[in-house]
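Which chain is which? The protein sequence lines are A and B, in order. Just so we're aligned: the first sequence equals residues 1 to 132 in our numbering. Just so we're aligned: the second sequence equals residues 1001 to 1147 in our numbering. Every residue, glycine too, gets a C-beta built ideally from N, C-alpha and C. From a predicted model like this one, the values you see are computed outputs, not experimental measurements. I have placed the structure first, in the form of structure tokens, so that the comments after it can refer back to it.
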Amino acid sequence: MEREKIIAALETAFAEISGAEYEDEPITFAEFLESFAKFRDPDFPVYWIPWAVEEAVEELTGRRFGWHEDVLKDEWSYTGEFSFICVDPETLKCLTAERSNGSCTVSVVLPILGIDDAVQAVEYFLRLVQQA
Amino acid sequence: MQVERLTYTDEQIRQTIEKVWQELLQEADAENYSLEEYLEDYRKYWDEPDFPNDIPELIMRTVEKIVGRPLSWYCELVRDPAGFTGEYSFVVVDPKTQKCLTYREYTSDGVNVHRFIHVAGTVVNYEDIVRLVTKLLNQIQSALADT
Chain A
1 MEREKIIAAL ETAFAEISGA EYEDEPITFA EFLESFAKFR DPDFPVYWIP WAVEEAVEEL
61 TGRRFGWHED VLKDEWSYTG EFSFICVDPE TLKCLTAERS NGSCTVSVVL PILGIDDAVQ
121 AVEYFLRLVQ QA
Chain B
1001 MQVERLTYTD EQIRQTIEKV WQELLQEADA ENYSLEEYLE DYRKYWDEPD FPNDIPELIM
1061 RTVEKIVGRP LSWYCELVRD PAGFTGEYSF VVVDPKTQKC LTYREYTSDG VNVHRFIHVA
1121 GTVVNYEDIV RLVTKLLNQI QSALADT
């Protein structure tokens, strides 16, 4: 899928999620991510990042999924990594589950510190949906 | 497909929690540390980075023992700006089928569908552990019955 289309979906999703918060001084998702990468402010509405990725995936596939997301932190601040779990509501299959060495992991950890990372995260989920 | 039927009683859950706690102690080479004592420390230090939080492992090993086989799971320790809230959010997946066993959906107003893939609960004391194990078992039982 074209990068421009993914970025447009991410920006639309972010505008919906952030709502009235940045109405006076609108910022793009790319700018929001830059700010997050720079400051890692603990008061930052950091969940908007995985939510924007998830909504963009749903918008681009025309389908809804079950999601769980976690913002990873170390002792001091956000690491810039996000843990995602995605479930297909039709089959109840956990799309992020992966078998390796006899065990099965449930979540996938993706770094998102810029718009390129966000695009890659969306592309990753689009591939998962396609494979399923 | 054969449907697994889970049978468990409150007493069995409590006994299994104690058994799993003993296993965890053995693995950590920490003898004579009762779950009661651990929970006292847990309430004091749960947000300290060095504090070993054994609650997710204790809960899920108990669930696995009662279900009778290993499960794949993810646990989020829920935080707000002030730190860890004491709430845990579990996503459980059947490793054989990769089916999410904690998925539920509700429809509000006959229109909006709300999808949840996790089961959550706050753990402050022993009874909270029993409650969360029971909640997870009930959900898993219902998911397996739907298979």
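Chain-ordered neighbours of Val87/A on chain B, where CB pairs are closer than 7 Å: The contacting residues are Cys1100, Tyr1103 and Ile1117.
Nonlocal neighbours in the same chain, by C-beta distance under 6 Å from Ile49/A, ignoring five residues either side: Cβ within range, chain order: Ile112.
Residues sharing a beta bridge with Glu81/A, DSSP: Per DSSP, the beta bridge partners of Glu81/A are Pro111/A.
Give the secondary structure of Glu23/A by DSSP, where H, G and I count as helix, E and B as strand, and everything else as coil. Here Glu23/A sits in coil by DSSP.
For the region 1043 to 1060 of chain B, which residues have a beta carbon sitting closer than 8 Å to at least one beta carbon of chain A? From the region 1043 to 1060 of chain B, only Pro1049 have a Cβ closer than 8 Å to chain A.
Mind pulling the chain B residues with CB within less than 7 Å of Ala97/A? Within chain B, the residues near Ala97/A are Ser1072, Val1093 and Gln1098.
Name the chain B residues that come within less than 9 Å of Val129/A, Cβ to Cβ? Neighbours of Val129/A across chain B, judged by C-beta separation under 9 Å, do not exist; the nearest C-beta is about 15 Å away.
Neighbour-count burial assignment, Gln988/B, 16 or more Cβ in a 10 Å radius: The structure shown does not extend to residue 988/B, since chain B is modelled only from 1001 through 1147, so no value can be given for it.
So who's on the other strand from Ser1089/B, going by DSSP bridges? Answer is Glu1076/B and Ala1120/B.
With DSSP as the reference, label Ile1129/B as helix, strand or coil. In the structure shown, Ile1129/B adopts helical secondary structure according to DSSP, grouped into three states.
Suppose contacts are defined by Cβ-Cβ distances below 8 Å. Is Gly1086/B in contact with Val1123/B by that definition? Going by C-beta atoms, Gly1086/B is nearer than 8 Å to Val1123/B.
Could you run through the region 57 to 69 of chain A and flag, in chain order, every residue whose CB is less than 8 Å away from some CB of chain B? Considering only beta carbons, the part of the region 57 to 69 of chain A lying closer than 8 Å to chain B consists of Arg64, Phe65, Gly66, Trp67 and His68, in chain order.
Which of helix, strand or coil DSSP assigns to Met1001/B: Bear in mind that a pLDDT of 47 at Met1001/B, under 50, signals an unreliable position, so the number given afterwards is only what the model happens to contain. Coil.
Are the Cβ atoms of Ala15/A and Ile115/A separated by less than 8 Å? The Cβ atoms of Ala15/A and Ile115/A lie no closer than 8 Å to each other.
DSSP state of Lys1099/B mapped onto helix, strand, coil: If DSSP states are grouped into helix, strand and coil, Lys1099/B belongs with the strands.
Need the endpoints of the alpha helix (DSSP H) that Glu1040/B sits in, please. Counted as a single uninterrupted DSSP element, the alpha helix (DSSP H) harbouring Glu1040/B occupies residues Leu1035 to Tyr1045.
Interface residues of chain B around Ser107/A at Cβ under 7 Å? Listed along the chain, the chain B residues whose CB falls inside 7 Å of the CB of Ser107/A are Tyr1074.
With a threshold of 8 Å between beta carbons, is Glu16/A in contact with chain B? The beta carbon of Glu16/A sits no closer than 8 Å to any beta carbon of chain B.
Among the residues of its own chain, which have a CB less than 6 Å from the CB of Glu1152/B, if the five just before and after it don't count? No information on residue 1152/B is available, as it lies outside the stretch 1001 to 1147 that chain B covers here.
Identify whether Asp70/A lies in helix, strand or coil by the three-state DSSP scheme. The answer is strand: DSSP assigns Asp70/A an E or B state.
Reducing DSSP to helix, strand and coil, say where Arg64/A ends up. Correct three-state label for Arg64/A: coil.
Taking DSSP as the reference, what is the three-state secondary structure of Arg186/A? No answer is possible for residue 186/A: it lies beyond the span of chain A, which begins at 1 and ends at 132.
Measuring straight from C-alpha to C-alpha, what distance separates Val1113/B and Glu81/A? Answer to the nearest angstrom: the Cα atoms are 29 Å apart.
Can you give the Cα-Cα distance for Met1001/B and Asp1010/B, rounded to whole angstroms? With a pLDDT of 47 at Met1001/B, under the threshold of 50, the predicted position of this residue should be treated as unreliable, and no value is reported.
Does DSSP put Arg3/A in a helix, in a strand, or in coil? Of the three classes helix, strand and coil, the one that applies to Arg3/A here is helix, per DSSP.
Per DSSP, which one or two residues make a beta bridge with Thr105/A? BP columns for Thr105/A point to Glu98/A.
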